[in-house]
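Trainee: This is the structure I have questions about; it appears just below.
Residue numbers (full-length UniProt numbering): 1 to 395.
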């Protein structure tokens, strides 16, 4: 009986989704696409150059210059963005600076390195497709996040690097509408990097923001410190501080690979809402993502998401790290017989002593973390800092 009820439920859900494809929406929205062949998607103005024979498919973006790729007034929604560039080296992808402004705001809601925004963590291109981003052959950048606006939308790309971008292609698909709902939320994205930190300090995937909205998730990149080579970097738990949480969060995970839906380590995998695009043990680099689409995360006053910097290895390996001068602090020891030994909740010998508990040692460490966080907010501007200078992004 339960199986039959579930089948009926899924049938109605799928049917409702299918009907969206052939039901005309209210408000008579119109469809447009901005590209170099028709900047701002003007009605009946596409492909005018070269007598409509592919006259302006791409343009260059010299070093130090900006291009406004969309600048329109009125209400609407950006539905999809596609880009490709000739130079896809990591430094270039982090030197390109993407900004999106809503409703005449002077501060961008999206203020990010180009590559990281499109899910290319650490600027390393890969082939992937998730619910929000894709790169079908590792040569393009697609975003499917709906981005509504009430009065104005402006998209700007700036080349802050030292090398000219000779071939820039793009299109931005959007609809125009008569109006948006009063309770509409604006899309935001924030990137930052923390090359090192004090032992015991976490990394803020999304620093504290104020307002009402929804956290969509993040893609995270890690350059693991080689002083811990051979150990596992991903014991850190993701924490979400919601609506005046202070010392302790409302949402608390159990480990890095657990957060992205896998377990016992982290290899390359690509799923709709979670995945790991890079797991390069030789270079000690990891890139992974999690999107909170089926598991919605709402906030009404303020919000912060962080991840602990915790690694793990067997006892003798951790002792070896300490002998070589690595910065770390043991926090727990796990073994099949005793479970967790919580080193902060009792008196235990020093780790170099013979009486220290044996097993898998989890320890605070310091790695080079970066992240792009995605969220909706009830206002077109946020209280977060501006994007870091290009030197901090690429070095």
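Built from N, CA and C at the ideal position, the CB exists for glycine as well.
1) So residue 307 is in the beta strand (DSSP E); what residue range does that whole segment cover?
2) Does the Cβ of residue 93 have 16 or more other Cβ atoms within 10 Å, making it buried, or fewer, making it exposed?
3) Can you list, in chain order, the residues of its chain with a C-beta nearer than 6 Å to that of residue 369? Leave out the 5 residues immediately preceding and following it.
4) Between 132, 356 and 68, which lies nearest to residue 373 when the distance is taken from Cα to Cα?
5) Expressed to the nearest angstrom, what Euclidean distance is found between the alpha-carbon atoms of residue 234 and residue 276?
6) Count the CB pairs spanning the segment 96-108 and the segment 126-140 that are closer than 8 Å, and state whether there are at least three.
7) So for residue 315, helix, strand or coil by DSSP?
8) Taking the beta carbon of residue 385 as the centre, do at least 16 other beta carbons fall within 10 Å, making it buried, or is it exposed?
9) For residue 198, I'd like the list of residues in its chain whose CB is within less than 8 Å of its CB, leaving aside the five on either flank, ordered along the chain.
10) Suppose the cutoff is 6 Å on Cβ atoms and the five residues either side in sequence are ignored; what does the same chain contact list for residue 381 look like?
11) Can you give the Cα-Cα distance for residue 26 and residue 176, rounded to whole angstroms?
12) Give the single residue among 229, 327, 351 and 377 whose Cα lies nearest to the Cα of residue 283.
13) Could you please give me the residues that DSSP links to residue 49 through a beta bridge?
14) Leaving out the 5 sequence neighbours to the left and right, which residues in its chain are closer than 7 Å to residue 2 when beta-carbon positions are compared?
15) Assuming residue 237 contacts residue 254 under a Cβ cut-off of 8 Å, what Cβ separation, rounded to an integer in Å, is found between them?
16) What span of residues does the alpha helix (DSSP H) with residue 259 cover, start to end?
17) Going by alpha carbons, who is nearest to residue 76 out of 46, 114, 185 and 127?
18) If you drop the 5 nearest sequence neighbours on each side, which residues of the same chain put their C-beta closer than 6 Å to that of residue 334?
19) What are the start and end residues of the beta strand (DSSP E) that includes residue 86?
20) Between the Cα of residue 362 and the Cα atoms of 348, 342, 267 and 350, which residue gives the shortest distance?
21) If you draw a straight line from the C-alpha of residue 81 to the C-alpha of residue 313, how long is it?
22) Mapping DSSP to helix, strand and coil, what is residue 163?
23) Counting along the chain, where does the alpha helix (DSSP H) carrying residue 90 start and finish?
24) Which of helix, strand or coil does DSSP assign to residue 392?
25) With DSSP as the reference, identify every bridge partner of residue 221, one or two as the case may be.
26) Among 280, 138, 261 and 227, which has the Cα closest to the Cα of residue 271?
27) Relative to the alpha-carbon of residue 113, which residue among 88, 130, 300 and 128 has its alpha-carbon at the smallest distance?
28) Suppose contacts are defined by Cβ-Cβ distances below 8 Å. Is residue 319 in contact with residue 217 by that definition?
29) If you run the structure through DSSP and keep just helix, strand and coil, what is residue 133?
30) Is it buried or exposed for residue 85, if we count other Cβ within 10 angstroms and need 16 for buried?
31) Within the same chain, show all residues whose beta-carbon is closer than 7 Å to that of residue 138, passing over the 5 residues directly before and after it, in chain order.
32) Determine, using beta-carbon pairs with one atom in the segment 148-160 and one in the segment 346-360, whether at least three such pairs fall under 8 Å.
33) Is residue 114 helix, strand or coil when you go by DSSP?
34) Taking residue 36 as the reference, give the member of 62, 241, 273 and 70 with the closest Cα.
35) What does the alpha-carbon distance come out to for the pair residue 109 and residue 174?
36) In this structure, does DSSP put residue 40 in helix, strand or coil?
Mentor: Reading it off the structure:
1) In the chain shown, counting from the first residue as 1, residue 307 sits at position 307. Note, residue 307: beta strand (DSSP E), 302-307.
2) By 1-based counting over the chain shown, the position of residue 93 is 93. Buried.
3) Against the chain shown, residue 369 aligns to sequence position 369. Answer for residue 369: 194, 203 and 222, listed in chain order.
4) Sequence index remark: in the chain shown, residue 373 carries index 373 (1-based). Nearest C-alpha to residue 373: 132.
5) As a first step, residue 234 must be located in the chain shown, where it is residue number 234. As a first step, residue 276 must be located in the chain shown, where it is residue number 276. Going by the C-alpha atoms only, they are around 12 Å apart.
6) no
7) Locating residue 315 in the chain shown gives position 315, counting from the first residue. Here residue 315 sits in helix by DSSP.
8) As a first step, residue 385 is located in the chain shown; it is residue number 385 there, counting from the start. Per the 10 Å Cβ criterion, exposed.
9) In the chain shown, residue 198 corresponds to position 198, counting from 1. Counting only Cβ-Cβ distances below 8 Å, and skipping sequence neighbours, we find 366.
10) Here residue 381 refers to the residue found at position 381 when the chain shown is read from its first residue. If we look at residue 381 and ignore the five residues flanking it on each side, its Cβ neighbours are 105 and 107.
11) Here residue 26 is taken as the residue at index 26 of the chain shown, counted from 1. Here residue 176 is taken as the residue at index 176 of the chain shown, counted from 1. About 12 Å.
12) In the chain shown, the residue the question calls residue 283 occupies position 283. The shortest Cα separation from residue 283 among 229, 327, 351 and 377 belongs to 229.
13) Locating residue 49 in the chain shown gives position 49, counting from the first residue. None, per the DSSP bridge assignment.
14) Counting from 1 along the chain shown, the entry for residue 2 is found at position 2. For residue 2, the predicted model reports a pLDDT of 48, less than 50, meaning its position is unreliable; a value from the coordinates is still stated below. Excluding residues within five positions, none has a Cβ falling inside 7 Å.
15) Counting from one through the chain shown, the residue named residue 237 turns up at place 237. Counting from one through the chain shown, the residue named residue 254 turns up at place 254. So it is a contact: roughly 6 Å between Cβ atoms.
16) Against the chain shown, residue 259 aligns to sequence position 259. Per DSSP, residue 259 belongs to the alpha helix (DSSP H) from 256-259.
17) Stepping through the chain shown from its first residue, residue 76 is reached at position 76. When each option's Cα is compared against that of residue 76, the closest is 185.
18) Your numbering for residue 334 matches position 334 in the chain shown. The answer, listed in chain order, is 340, 359 and 360.
19) The sequence position of residue 86 within the chain shown is 86, counting from 1. Premise fails: residue 86 is in no beta strand (DSSP E) and is neither H nor E.
20) Here residue 362 is taken as the residue at index 362 of the chain shown, counted from 1. Checking every option, the nearest Cα to that of residue 362 belongs to 342.
21) For the purposes of this step, residue 81 is identified with residue 81 of the chain shown, where counting begins at 1. For the purposes of this step, residue 313 is identified with residue 313 of the chain shown, where counting begins at 1. Cα to Cα, the separation comes out at about 42 Å.
22) On the chain shown, position 163 is the one that residue 163 refers to. In the structure shown, residue 163 sits in coil (DSSP, three-state: anything other than H, G, I, E or B).
23) Numbered from 1 along the chain shown, position 90 holds the residue referred to as residue 90. From DSSP, the alpha helix (DSSP H) with residue 90 extends over 90-95.
24) The residue you call residue 392 lines up with position 392 of the chain shown. Looking at residue 392 - three-state DSSP - the assignment turns out to be helix.
25) Along the chain shown, read from residue 1 onward, the residue named residue 221 stands at position 221. In DSSP, residue 221 forms a bridge with 287 and 370.
26) On the chain shown, residue 271 is found 271 positions in, with the first residue counted as 1. For the residues 280, 138, 261 and 227, the minimum Cα distance to residue 271 belongs to 261.
27) Here the question's residue 113 lines up with position 113 in the chain shown. Looking at the Cα atoms, 88 is the closest of the given residues.
28) On the chain shown, position 319 is the one that residue 319 refers to. On the chain shown, position 217 is the one that residue 217 refers to. No, these two residues do not count as a Cβ contact at 8 Å.
29) To locate residue 133, count along the chain shown from 1; it is residue 133. Strand, per DSSP.
30) For the purposes of this step, residue 85 is taken as residue 85 along the chain shown, with counting starting at 1. With 16 or more Cβ atoms within 10 Å of its Cβ, residue 85 is classed as buried.
31) As a position in the chain shown, residue 138 is number 138, starting the count at 1. Correct list, in chain order: 125, 126 and 127.
32) no
33) Counting from 1 along the chain shown, the entry for residue 114 is found at position 114. DSSP places residue 114 in helix when its eight states are reduced to three.
34) Against the chain shown, residue 36 aligns to sequence position 36. Selected option, being the one with the closest Cα: 70.
35) Residue mapping note: residue 109 aligns to position 109 of the chain shown, counting from 1. Residue mapping note: residue 174 aligns to position 174 of the chain shown, counting from 1. Spanning the two alpha carbons is a distance of roughly 18 Å.
36) As a first step, residue 40 must be located in the chain shown, where it is residue number 40. Note: residue 40 maps to helix in three-state DSSP.
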